[in-house]
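Protein chains in written order, with our numbering: chain S, 6 to 369; chain R, 6 to 369; chain X, 6 to 369; chain V, 6 to 369; chain B, 6 to 369.
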């Protein structure tokens with residue numbers, strides 16, 4: 006377990022903030038003078054990082070065409086080029102780039118927020134079990150350990166389905182066993198389940214879900230809960246964990262229609278292509294023809310705004326990937342393990358200050 | 006039951022992901038260079054698959070008109086044609102295509118997400134029953150089997166109402182009986198219900214709902230529940246199943262107004278028609294007149310973007326149909342059956358690792 | 006009661022689907038070739054049905070102006086007409102028709118979806134009571150009947166407030182008494198309530214709500230519930246019914262601001278007027294002047310798209326009216342009565358298949 | 006108490022509909038021919054009522070400028086005027102009026118709907134207490150009265166914070182005492198609370214909230230509840246009342262940013278100013294120059310559409326004010342008092358029809 | 006504790022309204038004549054306050070260019086300047102400023118509303134504990150004090166993560182101890198936790214959460230709760246507090262993509278730059294050239310509308326900062342402390358009016 010526990014990775018799902026959230030490019034005082042400007046010159050997760058490779062290619066093509074036009078074409082060729090370029094330029098305006106893009110990105114971000122909101126954590130399930138288990142149970146601590154391990158295992162098996170980095174870290178059940186989250190006989194049961202009709206690596210988390218239910222049932226039958234009702238409350242917590250996972254999977258797999266993503270991508274590439282081709286047409290003045298020929302900013306900027314906007318949308322369609330803006334699920338899982346260790350140690354702890362001690366908080 | 010259980014169809018409602026979700030056209034690392042381009046050349050569920058037939062027809066008409074204009078019309082005819090085409094072209098811009106379309110698709114996708122979110126599953130109802138039933142009940146396993154069968158039956162009868170593929174697989178009650186989900190005498194009761202005032206094939210699921218309530222009541226009266234409160238919790242789970250089904254049906258039947266769909270469809274066809282007719286007007290230069298005559302891309306592309314967008318909206322209006330992007334309800338039902346088998350077998354199981362065994366998870 | 010029970014009206018709130026939902030203008034396979042076209046030629050609830058009368062009037066005015074211009078005006082008059090028409094035409098473009106309309110319709114449809122979602126049904130309240138009442142209660146069946154009648158009565162009195170067709174069917178308390186939903190002495194109590202300060206026909210449903218609470222209280226005090234907790238659960242169900250009704254009334258009465266509806270209506274009529282007046286201005290070519298004079302499609306189509314869109318919005322603002330797209334509350338109420346009869350008969354029923362019988366569902 | 010109870014004000018929060026909801030400007034049959042037109046000529050809450058004063062001022066300025074231009078300016082002055090007017094007219098188009106306005110109004114209406122949805126009522130809290138109190142409690146009726154008074158008091162003290170008309174009706178605690186909702190010693194306690202650190206007129210409702218909790222606690226300790234669990238349920242109802250009030254206050258005080266409202270207001274006034282100034286520029290024809298000079302409709306209409314839209318947004322930002330479209334909180338409070346009287350009288354009532362009597366509802 | 010308790014800061018989370026909410030720039034009667042105008046001349050939180058520094062800089066640059074153009078450039082230079090300016094001006098129109106901006110601000114405000122709605126308070130948790138603790142517990146008051154202190158501590162440690170002003174007021178655990186919210190030994194435990202793997206200042210609130218659970222558990226084991234079920238209800242309240250905090254942190258840290266904020270900021274600065282450069286081009290008339298040269302309002306106004314809109318969006322992205330529109334968390338915390346004092350004093354209080362006294366509220 007220890008090997009992931011390097012000090013940098015200390016994120017729990019509830020508490021995953023960095024030391025200061027200004028780092029997100031928005032300072033805490035947005036109205037201070039000059040504050041808007043500062044955020045522009047940031048590299049990590051930035052607009053520039055998203056587009057710099059594409060910008061270089063764009064510039065190379067742009068200048069090649071300028072040079073080709075100026076030195077390789079004769080007057081007739083130039084006239085033909087002008088005609089074709091102006092012909093193409095005209096239809097750019099009828100491309101519904103902005104509206105396709107706006108529709109796509111707002112849909113993608115909505116989905117993203119929904120996934121964020123419904124991402125289940127392990128905290129509630131574990132806390133409830135720890136709190137509702139009697140203190141004087143013989144195998145109390147072992148029982149808590151087993152329960153915590155199953156909850157973490159179910160969480161991991163659920164999110165492996167949608168999250169590539171988790172799949173890469175834990176490529177198969179053996180890897181999970183090596184990480185200490187799975188016993189030999191449990192792994193064999195899961196492998197056996199995968200051999201049955203309807204059993205795949207995706208339904209393994211449901212088997213663990215059955216184990217959790219059975220464990221709760223046994224705990225209840227042995228009368229280990231403080232209050233009889235606690236059985237139902239723990240069952241509900243496991244249900245919520247299962248349902249939250251199911252919602253995330255549903256959102257992640259029933260994606261935004263591919264046709265829409267393709268349409269918007271094609272539209273933007275067309276827009277970019279035309280913006281390159283049509284750049285020399287109108288300029289007759291010397292200064293502006295040089296500018297138009299070698300400084301493509303006025304043509305390139307709108308394209309790259311669209312392009313970055315598209316990228317933002319695409320990142321949002323896969324929230325568990327490797328992009329910088331994605332949710333880092335390895336860290337999140339690490340946080341769940343740390344939280345689980347904390348909660349396990351809290352089984353049977355005493356409050357630090359007894360109620361008969363001096364209390365520093367003088368409410369008058 | 007076995008005949009649908011081919012290994013490929015192993016989807017459970019919570020866990021219906023394919024092995025890798027990149028297949029959805031969005032790779033896990035959207036920011037990697039060249040990644041955007043790759044998704045464009047995909048066929049399944051693609052933009053191209055949606056429009057290729059229409060594109061061929063569009064092209065044939067387009068070229069026919071070019072040829073007709075060039076070879077069949079004399080100068081006067083051409084002038085007339087030009088006048089009419091330019092007259093029509095002018096009003097294209099006042100067609101509120103984009104706004105009608107945007108309104109329609111966003112409404113349709115909202116509905117689609119709502120249906121997705123409220124789709125009820127059988128897992129919770131079955132789990133609760135299995136977990137809360139005492140171990141030492143004489144007919145325990147038979148009782149679990151009966152309960153599971155009724156839950157699946159109610160789910161099936163509910164979704165048959167809105168889902169054509171399910172209706173085709175199970176065209177009548179006899180087909181459901183043959184699939185092993187219905188007894189002879191139960192079928193007769195349902196047939197009898199359909200003969201009563203207000204009874205249709207649509208209210209059959211409500212009869213099964215009554216049976217489930219009666220079964221729970223009987224189980225409670227016989228004192229077979231572990232805790233008395235479990236009766237109410239099971240009743241609630243059945244209520245939630247019924248309500249979820251009702252919500253799906255409400256959304257599916259109270260559709261987006263037909264008039265809106267017609268208006269947006271007519272607007273887009275008009276746009277397409279005018280884009281074909283008006284293509285030869287302005288080009289006097291030889292190169293561009295050839296392009297304009299035989300390469301309709303600049304005119305066709307906006308039209309097909311709109312057309313594909315419309316299609317996406319129409320697909321979203323019927324989420325349970327036969328389209329590739331639709332929810333495959335046969336698979337979902339198969340998944341529910343597999344899940345039911347798993348849960349049935351989990352009645353009375355022991356946890357694989359006892360709490361006194363060695364636990365691999367060393368929390369320090 | 007029987008008189009509404011014609012076989013055609015058999016809709017229950019959860020299950021109000023027609024036999025096949027394709028009838029809604031969207032086929033189950035939206036991607037099939039030619040499928041989009043078919044929906045256009047539908048009459049019921051269609052775009053054409055919404056606008057055909059207005060279209061005739063539009064055409065008559067349009068042609069009258071053409072004839073008046075051509076035959077009644079001399080050259081000077083024509084010049085004046087041209088000047089005025091072109092003056093008016095210019096300002097059409099600055100009318101914020103599309104944005105007002107988009108804002109209005111999306112607000113209206115949002116409200117409509119919210120009403121749909123919060124519409125309470127009688128099923129849950131009745132089911133809970135039937136399920137939680139002991140079998141061996143002396144007046145059990147009569148008690149169930151009374152409870153069901155009160156629930157239906159409360160539902161009816163609530164929805165009469167917002168739904169004109171229900172008001173027309175049941176114009177006063179006497180009509181409800183005649184329908185068998187009200188006793189003589191109950192009606193007198195309600196009439197008396199209306200005479201008290203703050204009592205109107207709108208608060209009658211609250212009196213019935215008090216009766217329901219009193220009935221539950223009495224049932225609880227006599228110990229007729231299976232489990233003591235059931236009292237609270239039944240109270241909650243009645244609360245939910247009351248609250249759902251209140252939400253529907255709130256949404257229905259706090260409507261979209263009248264000023265907004267007027268503004269958007271005036272804007273669209275102005276748009277239509279200008280589109281008629283300005284139609285002959287620009288055309289000098291013989292063919293197009295004839296087209297412009299007698300075939301107003303290019304001018305009329307945008308107007309009628311806006312007009313139909315407005316209509317859709319207006320229909321959505323009153324979801325309980327007489328329009329084809331409205332929710333047919335008479336059918337819904339009929340469905341509630343049918344459901345109530347079913348649930349009443351389910352009091353004390355046995356499940357059709359005993360748990361010791363052969364079970365057709367072989368889970369292996 | 007009686008003085009507000011005039012018969013006209015008989016609205017309860019759930020049931021605040023007027024006799025017929027068509028009065029809202031939308032008839033029940035929106036598709037009937039001519040129906041759209043009728044709503045236009047309505048005065049109450051209308052577009053015209055919102056703008057008529059501004060329209061008169063607009064017209065006076067408009068005509069003054071026309072007259073000044075025609076009779077006071079010489080040719081040079083006219084040329085200068087033309088130049089300035091056309092210079093200003095040009096930039097109107099770059100004003101983002103529509104988008105600022107659309108953003109502002111949709112945000113404002115969203116907030117409004119959220120406040121509407123979360124507005125708490127007194128019904129649930131009172132009903133629960135009345136229903137769960139034993140019949141044979143010695144001071145039962147007095148206890149109910151006290152509870153009801155505290156609930157109403159808490160509601161009133163909460164909504165006084167956000168609602169000016171309520172503040173005007175009940176300007177201080179003495180006025181509330183005179184209305185019979187507060188005892189002398191209770192008022193003194195509240196005044197004393199206001200003198201303590203952190204105590205203002207805004208936190209008074211929290212003191213009443215403490216009283217309610219104490220009253221419930223005492224009722225529970227004396228064993229006056231039918232079921233032990235009812236204590237918790239009543240506490241929850243009071244919590245919900247407190248939370249709902251807090252949400253309303255949060256929404257009402259954390260308003261839409263002032264800067265946004267100012268920006269949109271300035272943009273619209275600029276738009277109006279320029280529409281007045283630029284009206285004589287282009288018209289050279291006699292008829293249209295007269296129209297342009299004295300009939301400002303084409304210039305004024307877009308402006309007044311924007312203006313009315315802005316007003317609708319501003320009304321929505323303060324839902325508890327004195328505007329016609331606002332929620333009439335005095336009526337709502339009146340309705341709560343009437344409902345409270347009804348619920349108080351329902352303590353210990355019998356159902357009108359005993360379960361052994363003849364039941365008019367023959368379910369077959 | 007007393008040092009923050011100056012009388013001005015008396016806000017509780019539920020009740021944070023100022024004396025009159027008109028101060029928010031929207032009067033209570035938006036339809037009164039002249040009301041719209043008044044709000045424009047407000048300074049606090051105003052449009053003008055947001056942009057005045059930028060406006061001065063804008064004006065200085067603007068006039069410098071005018072002077073440079075008029076006096077420093079010769080005719081050729083002016084021609085070159087005109088060419089470049091007009092070249093740049095042309096591409097302004099293709100900048101997707103409005104759509105980027107609209108997308109950004111609506112996303113930001115949605116997030117802001119979500120944070121507002123999910124911000125947890127301490128009231129519910131404390132009330133539940135106070136209400137459910139028995140009166141005759143020996144260390145009752147000390148127990149309540151300890152519980153309240155832990156709840157406040159957990160709230161503070163949670164919001165310190167996202168809120169800079171709270172971090173500045175309480176820079177470390179020692180500062181919190183000095184404020185009386187932390188004991189020496191508790192602080193040492195928290196410091197020790199920070200030294201463990203996965204422990205940071207961000208996970209400290211989870212340790213306090215464990216203490217709260219342990220305290221509840223001990224209270225339950227000693228039988229100090231009035232009703233056994235109260236244990237579970239208190240656990241749930243603490244869970245809700247933890248979850249609410251987690252949601253706020255999630256929203257605050259997973260911010261709007263930086264690339265989007267950069268793109269929209271760059272687009273607006275480009276727009277502003279071009280609006281400055283392109284201002285002298287077209288004006289040949291003396292009056293308008295002077296206006297164009299020294300009165301930049303027509304060019305500046307659209308830019309500053311966009312700029313202010315951007316600022317509003319940026320303020321919304323960090324709701325806990327130092328801006329005037331931000332939520333003042335120091336006041337909110339102060340309010341929580343005041344509320345805690347009030348609730349602590351309400352432990353064991355009697356209701357002010359006994360149920361046998363005269364009741365001023367005569368319900369007839």
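Glycine included, C-beta positions come from ideal geometry on N, C-alpha and C.
When secondary structure is reduced to three states using DSSP, residue 171 of chain R falls in the helix class. Contacts with chain B (Cβ-Cβ distance below 7 Å) from the stretch 260-278 of chain V involve 260, 262, 263, 264, 265, 266, 267, 268, 270, 271, 272 and 275, listed in chain order. Going by beta carbons, residue 341 of chain R and residue 126 of chain R fall inside the 9 Å limit. Residue 292 of chain R carries a helical assignment under DSSP once its states are collapsed to helix, strand and coil. Taking a cut-off of 8 Å on C-beta distances, the stretch 313-327 of chain R does not touch the stretch 112-126 of chain S, as fewer than three cross pairs fall below it. In the structure shown, residue 72 of chain S adopts helical secondary structure according to DSSP, grouped into three states.
By the criterion of a C-beta distance shorter than 6 Å, residue 178 of chain B is surrounded in its chain by 192 and 195, once the five residues flanking it on both sides are discounted. With contacts defined by Cβ atoms closer than 9 Å, residue 253 of chain S and residue 167 of chain S form a contacting pair. Taking the beta carbon of residue 244 of chain B as reference, the chain S residues within 9 Å of it are 128, 129, 132 and 133, listed in sequence order. Of all C-beta pairs linking the stretch 260-268 of chain V to the stretch 43-57 of chain X, fewer than three are shorter than 8 Å, placing the two stretches out of contact. Annotated as proximal: residue 198 of chain V and residue 209 of chain V, with beta-carbon spacing under 9 Å. Pairing residue 360 of chain B with residue 190 of chain X, the inter-Cα distance amounts to about 35 Å.
Closest by C-alpha distance to residue 214 of chain X, out of V:128, V:89, V:103 and V:78, is V:128. Within the stretch 289-352 of chain S, the complete alpha helix (DSSP H) runs of at least 4 residues fall at 291-299, 302-322 and 334-350. No Cβ of chain X is located within less than 9 Å of the beta carbon of residue 123 of chain V. Three or more Cβ pairs closer than 8 Å define a contact, and the stretch 129-141 of chain V falls short of that threshold against the stretch 131-147 of chain X. For residue 152 of chain B, the closest alpha carbon among the candidates B:223, B:82 and B:234 is that of B:223. Selection X:207, X:176, X:245 and X:322 evaluated against residue 156 of chain X yields X:245 as nearest (Cα-Cα). Considering only V:356, V:357 and V:349, the residue with the shortest C-alpha distance to residue 147 of chain V is V:349. Taking the Cβ atoms as the reference, residue 352 of chain S lies roughly 7 Å from residue 145 of chain S, within the contact range of under 8 Å.
Shown here, residue 246 of chain X sits in a helix according to DSSP, grouped into three states. The beta carbon of residue 149 of chain R sits closer than 8 Å to those of 134, 135, 138, 349 and 352, all from its chain and outside the five residues before and after it, given in chain order.
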